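Asker: Just passing along the structure, written as structure tokens.
Printed below as a string of structure tokens:
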């Protein structure tokens, strides 16, 4: 007998209600006042840490062209026939962004693990 596919969604999600898969009226979950305070404090900590990570990202993206403007000799230096500035544009930002993402993820999870 073939198995029938069934979509499984939480009855509390807006998506489930938008698709009318839930028969009950949707209400936003309510937290106890103590839990709400903890959630708000956690949100504020994570938001501050995210702002720091985004600032580092902007510094990376905006300062790299500034480095090339300050040191135009980087265009003259060649690595395997490719200007060093082009190598830096390819080799620096993407690994740095991966590192930043992992760093931010760990920093965002720390307060959750401590509470």
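Numbering (the numbering used here), first residue to last: 14 to 128.
The C-beta atom is built at its ideal place from N, Cα and C for all residues, glycine as well.
Model, not experiment: these values are computed from the prediction.
Where does the unbroken alpha helix (DSSP H) through residue 116 begin, and where does it stop?
Answerer: For the purposes of this step, residue 116 is taken as residue 103 along the chain shown, with counting starting at 1. First-last of the alpha helix (DSSP H) with residue 116: 106-127.
Asker: Closer than 7 Å by C-beta to residue 92: which residues in its own chain qualify, once you throw out the five before and the five after it? Chain order, please.
Answerer: Start at 1 with the first residue of the chain shown, and residue 92 comes out as number 79. Within the same chain, residue 92 has close Cβ partners 100.
Asker: Just the C-alpha distance for residue 53 and residue 47, rounded to the nearest angstrom, thanks.
Answerer: Numbered from its first residue, the chain shown carries residue 53 at position 40. Numbered from its first residue, the chain shown carries residue 47 at position 34. One C-alpha to the other measures close to 10 Å.
Asker: What residue does the alpha helix (DSSP H) around residue 88 start on, and which one ends it?
Answerer: As a position in the chain shown, residue 88 is number 75, starting the count at 1. Residues 86-89.
Asker: Check residue 93 in the structure and name its three-state DSSP category.
Answerer: To locate residue 93, count along the chain shown from 1; it is residue 80. Note: residue 93 maps to coil in three-state DSSP.
Asker: If the criterion is Cβ atoms closer than 8 Å, does the pair residue 62 and residue 117 meet it?
Answerer: Along the chain shown, read from residue 1 onward, the residue named residue 62 stands at position 49. Along the chain shown, read from residue 1 onward, the residue named residue 117 stands at position 104. Yes, the Cβ-Cβ distance between residue 62 and residue 117 is below 8 Å.
Asker: Just to confirm before moving on: does the CB-CB distance between residue 44 and residue 125 stay below 8 Å?
Answerer: By 1-based counting over the chain shown, the position of residue 44 is 31. By 1-based counting over the chain shown, the position of residue 125 is 112. Contact: no.
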